[in-house]
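Just below is one structure, and these are the notes that go with it.
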Amino acid sequence: MKTSNPSLVKLHAWLEKAKQEKEVTLLWSGGYEDVYGTMQGMCGWGVKQRIEGWEQFGGRKLDPQVLWMARVSYDLKNQWGHGLKSSGKVFGEVPNLELIEPREWEVLTCGGGCVDDLAVFREIVIGCEQKIKEQWLGVEGLSADWDGELKKKRQQLLEENNESIVFSNGVEVSQLHQKAEAQILWTADVAEAEYLACIKQIQKHIVEGDFYELNYCISFTAEEVELDPYRVFEVMAQVAPAPMMCFVKRGNHFLLSASMERYILKRGDFLLSQPIKGTIRNADASPEILAKRLATSEKDRAENVMIVDLVRNDLSRVCEPGSVKVSELCGIYEYPQVLQMISTVMGKSRKNIGLQTVLESTFPMGSMTGAPKIEVMHYVEEIERFARGWYSGAMGWVLGDDFDLNVVIRGIQYLEKQHSMQFAVGGAITIDSDPKMEYDECMAKAAAMLKSLAASGYQSAIG
Numbered sequence: 007m008k009t010s011n012p013s014l015v016k017l018h019a020w021l022e023k024a025k026q027e028k029e030v031t032l033l034w035s036g037g038y039e040d041v042y043g044t045m046q047g048m049c050g051w052g053v054k055q056r057i058e059g060w061e062q063f064g065g066r067k068l069d070p071q072v073l074w075m076a077r078v079s080y081d082l083k084n085q086w087g088h089g090l091k092s093s094g095k096v097f098g099e100v101p102n103l104e105l106i107e108p109r110e111w112e113v114l115t116c117g118g119g120c121v122d123d124l125a126v127f128r129e130i131v132i133g134c135e136q137k138i139k140e141q142w143l144g145v146e147g148l149s150a151d152w153d154g155e156l157k158k159k160r161q162q163l164l165e166e167n168n169e170s171i172v173f174s175n176g177v178e179v180s181q182l183h184q185k186a187e188a189q190i191l192w193t194a195d196v197a198e199a200e201y202l203a204c205i206k207q208i209q210k211h212i213v214e215g216d217f218y219e220l221n222y223c224i225s226f227t228a229e230e231v232e233l234d235p236y237r238v239f240e241v242m243a244q245v246a247p248a249p250m251m252c253f254v255k256r257g258n259h260f261l262l263s264a265s266m267e268r269y270i271l272k273r274g275d276f277l278l279s280q281p282i283k284g285t286i287r288n289a290d291a292s293p294e295i296l297a298k299r300l301a302t303s304e305k306d307r308a309e310n311v312m313i314v315d316l317v318r319n320d321l322s323r324v325c326e327p328g329s330v331k332v333s334e335l336c337g338i339y340e341y342p343q344v345l346q347m348i349s350t351v352m353g354k355s356r357k358n359i360g361l362q363t364v365l366e367s368t369f370p371m372g373s374m375t376g377a378p379k380i381e382v383m384h385y386v387e388e389i390e391r392f393a394r395g396w397y398s399g400a401m402g403w404v405l406g407d408d409f410d411l412n413v414v415i416r417g418i419q420y421l422e423k424q425h426s427m428q429f430a431v432g433g434a435i436t437i438d439s440d441p442k443m444e445y446d447e448c449m450a451k452a453a454a455m456l457k458s459l460a461a462s463g464y465q466s467a468i469g
């Protein structure tokens, strides 16, 4: 695929190299600028050493001179006790946690240079920590009415200037047209009518006080598919770019994700999480009009604030008392297929806090569970028909006690030998949810994946 964009040229070269390896983890920013990130992309090829499973990792101090690529399955939650288990149908067996030291790795910096030296990369990480510290210091401590204060500021933006409420850095989206090579027939694990009935059942539990928000997901599978995952991801990076994308190859098992959500980041003394709740399809009006529609949605705001409270509580377990702050509440961000409502929560971590403690205290991310977290995870296992595995998990990198992990959403999984594919979508269900609108939102989230497939020459039909 020819392109004059230097970043996409590098992505193409990385994917070509990936064809020669059994193990690859590629992280990609989609061209979006990220004040909390360190790079445009990172790729690790091969395996120098591997930590597989929580049992191998628990209690282990990571060597600060080793860069690890991290893969976390949603099913890691079962390690926390509480009687949690995964009983749904599994798509590809994966460990609950993997840390891989790649045999070779490279970083594409924000300035366009390439780095494969650990000392240089560490300097980039340190520079990013300073930016986070400056923002953290600029946010006042939370009052008893923190939500009201931030909501008031947001309302002022709405009244002053519609254009100021939507954030987009003008990432160019390619219009790629490929002749159809194959027809992919997707089968949903839950029919629409059954989905609608399930939402009503969830709302009944909310009324009865069992929980107050639950993230319900459904999956779609396809069989007898011959896919070129390298090409699809390269196309995805152009037609559906997102700031936390990833391409993972684990032997026969591929993951291609156009995620825009950051689960958790640590830079020095600071932790940061950016939960997403609130979605509107980027289709029938200008981004400014859609942004105002999303920003003024009480239902979407309520979802977001609930999860922000959950994230604040999770971070408080690993941060210094009183240091957890909400630097942005319900910001609206534009992407090619959807607009998303994103908040940013940050705090100053306690001393000697590393990945193990953070995972134990915060995983799974609240945006993919609901609240209260333990209660909804039990109910999710009762109603969802698939084991989430990598979906709702996290991919990223780890260097000593610093790390950056995404949320695996908007992701296609492919088992090459079995010629089978899967993707999953979902949304937060509250008492105010409209079942039909929730189903439509799921379809909007699927659009980015299906569009990427179509632009790669694979037309889709949902049976």
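Each residue of the sequence shown is one higher than the one before, starting from 7 at the first, in our numbering.
Cβ coordinates follow ideal geometry from the N, Cα and C atoms, glycine included.
Computed from a predicted structure; not experimentally measured.
Practice prompt. Provide the residue span of the beta strand (DSSP E) that contains Q465, from first to last.
Written response: Y464 to I468
| said: As a quick exercise: from Q62, C204, A453 and Y80, pick the residue whose alpha carbon is nearest that of Q343. | reply: A453
Sequence-distant residues of its chain with Cβ nearer than 6 Å to T227 (five each side left out): T193 and Q428
*asked:* Among the candidates Y42, F63, R109 and Y80, whose CA atom is the shortest distance from the CA of Q26?
replied: R109
Distance CB(C223)-CB(G432) smaller than 9 Å: yes
Taking the beta carbon of S355 as the centre, do at least 16 other beta carbons fall within 10 Å, making it buried, or is it exposed? buried
Exercise for the section: Could you say if the region 388–406 and the region 437–455 meet the contact criterion of at least three C-beta pairs nearer than 8 Å? Expected result: no
Note to self: Pop quiz: S92 and E387 are said to be a contact at Cβ under 8 Å. What is the actual Cβ separation, rounded to whole angstroms?
What the structure shows: 7 Å
- Where the beta strand (DSSP E) through E294 begins and ends: Premise fails: E294 lies in the alpha helix (DSSP H), P293 to A301, not in any beta strand (DSSP E).
Notebook entry, point to check: Could you give the uninterrupted runs of the alpha helix (DSSP H) lying entirely in the region 12–70, keeping only those of 4 residues or more?
Noted result: 12–24 and 60–63
Nearest to V330 by alpha carbon, out of V382, A291, W20 and L277? L277
*asked:* With a threshold of 8 Å on Cβ separation, who are the neighbours of L73 within its own chain once the five nearest residues in sequence on each side are excluded?
replied: G50, E107, P108, W111, L124, F127, W403, V404 and L405
Problem - the region 389–400 touching the region 229–248, judged by at least three CB pairs closer than 8 Å - result: no
I'd like to know whether the C-beta atoms of P12 and E58 end up nearer to each other than 9 Å. no
| query | What whole-angstrom Cβ distance do V121 and V131 have, given they're in contact under 8 Å? | reply | Their Cβ separation, rounded to whole angstroms, is 11 Å, which puts V121 and V131 out of contact at 8 Å.
Exercise. Please report the Cβ distance between V295 and V364, rounded to the nearest whole angstrom; I am assuming they are in contact, meaning their Cβ atoms lie under 8 Å.
Key: The sequence as given places Ile at residue 295; Val does not occur at that position. Not really, about 39 Å apart at Cβ, beyond 8 Å.
(Q) Closer than 8 Å to a non-hydrogen atom of the ligand GDP - does that hold for the CB of V30? (A) In the structure shown, the ligand GDP is absent, as is every other ligand, since no ligand is present at all.
Identify whether A6 lies in helix, strand or coil by the three-state DSSP scheme.
-> Since the first residue of the chain shown is 7 and the last is 469, residue 6 is not available in this structure.
In terms of residues, what are the limits of the beta strand (DSSP E) holding I348? V344 to K354
Element boundaries [alpha helix (DSSP H), containing M242]:
P235 to V245
Report task. Kindly indicate the opening and closing residues of the alpha helix (DSSP H) around N319. Result -> E304 to S322
- Proximity of F217 and G376 at Cβ, strictly below 9 Å: yes
Does the separation of the CB atoms of C252 and W60 fall below 9 Å? no
Item to check | Closest Cα partner of L345 within the set G328, P293, L361 and V351 | outcome: P293
Practice problem: Would you decide whether H379 is buried or exposed? Buried here means 16 or more other CB atoms lie within 10 Å of its CB. | Solution: Per the sequence shown, the amino acid found at residue 379 is Lys instead of His. It counts as buried.
Assuming the contact rule is C-beta atoms closer than 8 Å, Q209 and I359 should be a hit. Round their C-beta distance to whole Å, please.
Their Cβ separation, rounded to whole angstroms, is 38 Å, which puts Q209 and I359 out of contact at 8 Å.
- Message: By alpha-carbon positions, which one of Q141, E232 and A289 ends up nearest to G353?
- Response: Q141
*Taking all protein chains shown into account, decide if A301 is buried (16 or more other Cβ within 10 angstroms of its Cβ) or exposed.*
buried
query: Cβ atoms of R77 and G399: under 9 Å apart, would you say?
result: yes
Could you pull out every residue in the same chain whose Cβ sits closer than 8 Å to the Cβ of S322, ignoring the five residues on either side in sequence?
-> V330 and G353
Worksheet entry | Of the residues N221, K305 and V413, the one placed nearest R268, counting alpha carbons only | V413
Legend entry - Environment of M383 [buried if 16+ CB atoms lie within 10 Å]: buried
Nearest-angstrom Cα separation, counted from C336 out to V311:
8 Å
Same chain, Cβ closer than 7 Å to G469, neighbours up to 5 away in sequence not counted = L191, W192 and T193
Could you give the residue range of the beta strand (DSSP E) that holds S265? Counting along the chain, S265 falls outside any beta strand (DSSP E), and DSSP gives it neither H nor E.
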